[in-house]
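Just below is one structure, and these are the notes that go with it.
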Amino acid sequence: MSTAKTLILGGVRSGKSRLAERLAADTGRPVTCIATATAGDPEMAARIAAHRARRPRGWRVIEEPIRLAQALDEARGDCVIVDCLTLWLTNLLGSEDPGLLRRERTALLEILPRLPGPVCLVSNETGLGLVAANPLGRRFCDEAGRLHQDLAALCDRVVLTVAGLPLVMKGEPL
1 MSTAKTLILG
11 GVRSGKSRLA
21 ERLAADTGRP
31 VTCIATATAG
41 DPEMAARIAA
51 HRARRPRGWR
61 VIEEPIRLAQ
71 ALDEARGDCV
81 IVDCLTLWLT
91 NLLGSEDPGL
101 LRRERTALLE
111 ILPRLPGPVC
121 LVSNETGLGL
131 VAANPLGRRF
141 CDEAGRLHQD
151 LAALCDRVVL
161 TVAGLPLVMK
171 GEPL
């Protein structure tokens with residue numbers, strides 16, 4: 001994974017983050033985690049705390065819920081883990097700026113191929129369930145699906161994780 005860009009998809013608690021952390025550690029490079037979550041309730045705060053506790057002390061963490069491309073540029077050259085894209089997408093959809101999602105999505109897709117180090121993008125696969133019952137839920141799933149397709153085209157490797165087991169959909173085996 002010298003400079004490979006990897007998209008890791010899966011359901012909640014499927015092992016996506018652990019896989020990204022393992023791949024990053026295996027590079028031997030400095031690691032930067034870009035965390036997109038915000039703790040809006042005690043359960044999410046506990047999830048964030050669990051991720052923090054699991055990371056090695058030497059890894060740098062950038063907490064950035066909106067400006068992902070800018071954070072990726074800051075981490076240029078390190079092995080970068082972005083965890084997670086669907087939380088980032090949620091943050092963008094919740095913005096009062098109607099053009100923010102388009103601008104930030106475009107910035108991500110433009111910077112990713114130019115990054116000199118390896119990147120692991122973690123995201124929840126939302127397209128395997130029912131169609132959402134409300135317009136915002138349907139828009140979220142549509143936006144996530146389009147983002148995943150665009151990122152999969154740009155990435156060297158795409159991995160689907162289920163029950164902690166990675167299935168390489170594109171690229172070099174793990």
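With this note's numbering applied, the sequence shown corresponds to residues 1 to 174, in that order. Heads up, the beta-carbon is just placed ideally off N, CA and C, and yes, glycines get one too. Everything numeric in this text was worked out from a predicted model, so none of it was measured.
- Listed in chain order, the non-local C-beta contacts of A152 below 7 angstroms within the same chain comprise L7, V158, K170, local neighbours out to five positions each way being set aside.
- Exclusion of the five residues before and after L136 leaves L93 as the residues of its chain whose Cβ lies within less than 8 angstroms of its Cβ.
- Ranked by Cα distance from V31, the options L165, G40, I111, C120 are led by C120.
- In this structure R105 is buried. Its beta-carbon is surrounded by 16 or more other beta-carbon atoms within 10 angstroms.
- By the beta-carbon neighbour count (other beta carbons within 10 angstroms, threshold 16), S2 is exposed.
- By the Cβ rule, the region 16-28 counts as touching the region 80-90, because three or more pairs are nearer than 8 angstroms.
- For L108, the CB contacts under 6 angstroms within the same chain, skipping 5 residues up- and downstream, are L68, A69 in chain order.
- Linking L167 to E125 through their CA atoms gives a straight-line distance of about 13 angstroms.
- Of the candidates D142, P98, G129, A71, A71 places its Cα closest to the Cα of L115.
- Looking at the DSSP output, G10 sits in a beta bridge with N124, T161.
- D142 and D73 have their C-alpha atoms spaced approximately 27 angstroms apart.
- Take A24, set aside five residues on each side of it, and the residues of its chain with a beta-carbon closer than 7 angstroms to its own are V31, C79, I81, C120, in chain order.
- In summary, E21 is buried, with 16 or more beta-carbon neighbours lying within 10 Å of its beta-carbon over all protein chains present.
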